[in-house]
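> Just so you know, we're using the working numbering here: the sequence shown kicks off at 57 and counts up by one.
By construction, the Cβ of each residue, glycine as well, lies at the ideal position given by its N, Cα and C atoms.
Being a predicted model, the structure only gives us computed values, none of them experimental.
What follows is a structure written as structure tokens; I'll ask about it next.
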Amino acid sequence: MPNFLEDFAGVVGRKSEVLKGKIFKGKLNPLEEVFDEFVKLHWTCLSNLDEFQVNPSELDVLAVDSSVYTNLLSNGGIFYLIRSMAIRRDEIYKGIETDVIFSRDKMSRISEFITAKMELLEFKVALEALRDGFRGNAILLDGSLYGRAVHIPIETKVEEERDALIHYFEVYKELLNLCRESNVLLVGVSKESRSTFYRDYLLSLIFEEEIRRVDVEEEDKKLLKEIFFQILDVERVAFEKFAKLKEKYGDRLKTVELIFKELASSRPDYQLIINHVSNVGYMRPLLLGPTVRMIRRFREYKENPKQYVRKYFPHLTMEKDENFTQWAVKVLDGILQFPSFASFYILLDARDSPIRIDMPYYGRSMSDVGWPEPVEIDMRQMLKLMVTGYCGLEAYNLWLKNVDENVRLRRKVVDEIYFPYLEKVFGEKIIRGRGYRRVKYP
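Written out as structure tokens, the structure is:
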């Protein structure tokens with residue numbers, strides 16, 4: 057059998073129970089019962105979604121998304137083409153950028169660079185709509201607003217655009233400021249986010265409860281608290297410290313060890329919600345601050361801003377004059393003034409996976425927030441947007457689905473339109489890398 061069906065059946069048969077658990081429930085969780093208690097404490101059930109449902113035409117929403125095509129050329133360069141679009145009813149704002157980049161960096165870093173370029177282009181089309189007078193109910197961006205804010209601003213290894221992240225944060229700050237001034241709600245919407253911020257927050261509550269109960273010396277309790285946060289920063293060092301305490305206390309730290317191992321694991325928030333929630337509703341919003349690494353960089357920056365720029369933008373400070381340093385310091389100062397972000401998950405169908413929602417919280421700057429903390433926000437407008445825009449299991453938001461369908465870059469379009477146009481302009485055939493398969497098999 058060319059499809060290996062008999063072999064596949066044999067493999068599945070030998071590990072069916074384990075495989076079924078991984079597919080439908082995710083990674084085995086030794087803290088399942090205690091998580092069940094804490095998740096439900098933070099869950100608000102929505103018994104009647106109809107009260108938030110309105111006719112979509114009653115809401116004035118600007119939806120923003122982007123798409124990208126990349127290809128490794130035979131000369132080692134990476135060709136990219138990015139399109140971004142913002143759609144508001146019958147109005148469309150477009151952005152497009154294409155280039156070839158050369159870098160000795162690993163592909164994962166180059167992909168991060170291109171993702172940042174996509175997000176930057178999204179910011180720009182949203183700004184264009186705001187400057188054009190958009191004052192509707194909300195701007196929806198596909199993805200996490202918080203995740204975009206915690207990029208570490210350093211010099212990229214893409215030689216032509218080493219200052220890309222400085223531009224990125226400059227434009228992002230401008231968008232946040234203009235949304236606030238215009239009283240327009242900016243919302244990040246993402247599905248099946250890999251984030252663990254809510255899991256980490258609940259674990260901290262479970263940990264605090266266990267620390268109050270466990271029979272160890274007070275000084276060692278303080279050390280255990282330090283280890284908890286260190287796991288998120290330097291995991292190996294944290295577990296080396298814990299190993300010494302485990303030798304001292306043995307099984308008394310059994311539950312603490314389970315908590316630490318869970319904190320170091322990759323279990324995403326949405327898995328917890330899927331496994332512990334059986335009705336529609338939302339998690340209590342949390343206020344998010346900078347990551348551990350960003351906190352460390354903030355401290356370093358505040359000590360000597362110009363020295364920070366010289367350290368993390370070495371090529372640019374050598375190649376450019378003092379004006380670059382002054383500009384970089386100004387932008388980095390702006391990052392310290394970024395608002396914090398309120399983030400939560402909403403489940404609109406018990407059969408679906410939860411949607412993550414981010415929005416700026418202008419009452420606190422991100423740099424003033426430490427560990428995630430519960431925050432009270434007016435949920436009615438947000439619920440109206442999410443419930444009205446929800447289209448079931450196939451499309452979690454009608455406005456974002458619409459812009460995605462319009463901006464999406466398909467390979468056929470690139471092959472039949474964009475590349476032939478480039479070849480016509482240049483008068484030469486573009487040779488793509490060997491990994492590019494021109495033959496399509498049925």
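1) Which residue wins for smallest C-alpha separation from residue 149, given the options 348, 479, 118?
2) On the CB-based measure, 16 or more other CB atoms within 10 Å of its CB, does residue 130 come out buried or exposed?
3) Could you tell me whether the segment 354 to 361 touches the segment 177 to 196, where touching means 3 or more Cβ pairs closer than 8 angstroms?
4) Quick one: grab the DSSP three-state call for residue 492.
5) Helix, strand or coil for residue 72, going by three-state DSSP, please let me know.
6) List in chain order: all unbroken alpha helix (DSSP H) runs of 4+ residues lying wholly within the segment 398 to 478.
7) DSSP state of residue 78, grouped into three classes?
8) Going by CA-CA distance only, name the one from 107, 380, 419, 254 that's closest to residue 395.
9) Does the beta-carbon of residue 334 have 16 or more other beta-carbons within 10 angstroms, so that it is buried, or is it exposed?
10) What does a CB cutoff of less than 6 angstroms around residue 213 pick up in its chain, not counting 5 residues either side in sequence?
11) In angstroms with no decimal places, state the Cα-to-Cα distance between residue 282 and residue 426.
12) I need the straight-line Cα distance from residue 406 to residue 274, nearest angstrom please.
13) Just reading off the alpha helix (DSSP H) that residue 366 is part of, what are its end residues?
14) Using the beta-carbon count (16 or more within 10 Å), is residue 67 buried or exposed?
15) Let me know the secondary structure DSSP gives residue 247 once reduced to three states.
16) Within 8 angstroms, do at least three Cβ pairs link the segment 214 to 232 to the segment 259 to 274?
17) For residue 112, does the three-state DSSP call read helix, strand or coil?
18) Between which two residues does the alpha helix (DSSP H) holding residue 203 run?
19) Using 7 angstroms as the threshold, is the C-beta distance between residue 19 and residue 338 below it?
20) Near residue 370, which residues of its chain fall below 8 angstroms by C-beta distance, leaving aside the five closest residues on each side in sequence?
21) Just reading off the beta strand (DSSP E) that residue 211 is part of, what are its end residues?
22) Are the beta-carbon atoms of residue 222 and residue 95 separated by less than 7 angstroms?
23) Are the beta-carbon atoms belonging to residue 444 and residue 209 less than 7 angstroms from one another?
24) Counting Cβ pairs, one atom from each stretch, are 3 or more of them under 8 angstroms apart for the segment 177 to 191 and the segment 138 to 147?
25) Do residue 326 and residue 409 have their C-beta atoms within less than 7 angstroms of each other?
26) Decide if residue 349 is buried, meaning its Cβ has at least 16 other Cβ atoms within 10 Å, or exposed.
27) Return the first residue and the last residue of the alpha helix (DSSP H) that residue 390 is part of.
28) By the three-class DSSP mapping on this structure, what secondary structure does residue 148 have?
29) Could you check where the alpha helix (DSSP H) with residue 124 kicks off and where it finishes?
30) Out of 305, 346, 123, 483, point me to the one whose CA is closest to residue 289's CA.
31) Excluding sequence positions up to five away, which residues of its chain have a Cβ less than 6 angstroms from the Cβ of residue 205?
32) What would DSSP say about residue 284, mapped onto helix, strand or coil?
33) Between which two residues does the beta strand (DSSP E) carrying residue 256 extend?
34) In the DSSP assignment, what residue or residues form a beta bridge with residue 198?
35) Just to confirm, is the Cβ distance from residue 344 to residue 284 under 7 angstroms?
36) Would DSSP call residue 170 helix, strand or coil?
Inspection of the coordinates gives the following:
1) 118
2) exposed
3) no
4) For residue 492, the pLDDT reaches just 49, beneath the cut-off of 50, and the residue's location in the model is therefore unreliable, leaving the point undetermined.
5) helix
6) 436 to 445, 454 to 463
7) helix
8) 419
9) exposed
10) 159, 161
11) 14 angstroms
12) 44 angstroms
13) 361 to 368
14) exposed
15) strand
16) no
17) helix
18) 201 to 205
19) The first residue shown for the chain is 57 and the last is 498, placing residue 19 beyond what the model contains.
20) 211
21) Element bounds for residue 211: n/a, residue is neither H nor E.
22) no
23) no
24) yes
25) yes
26) exposed
27) 378 to 392
28) strand
29) Segment 117 to 128 is the beta strand (DSSP E) holding residue 124; no alpha helix (DSSP H) there.
30) 346
31) 394
32) helix
33) Not the beta strand (DSSP E): residue 256 falls in the alpha helix (DSSP H), residues 253 to 269.
34) 245
35) no
36) helix
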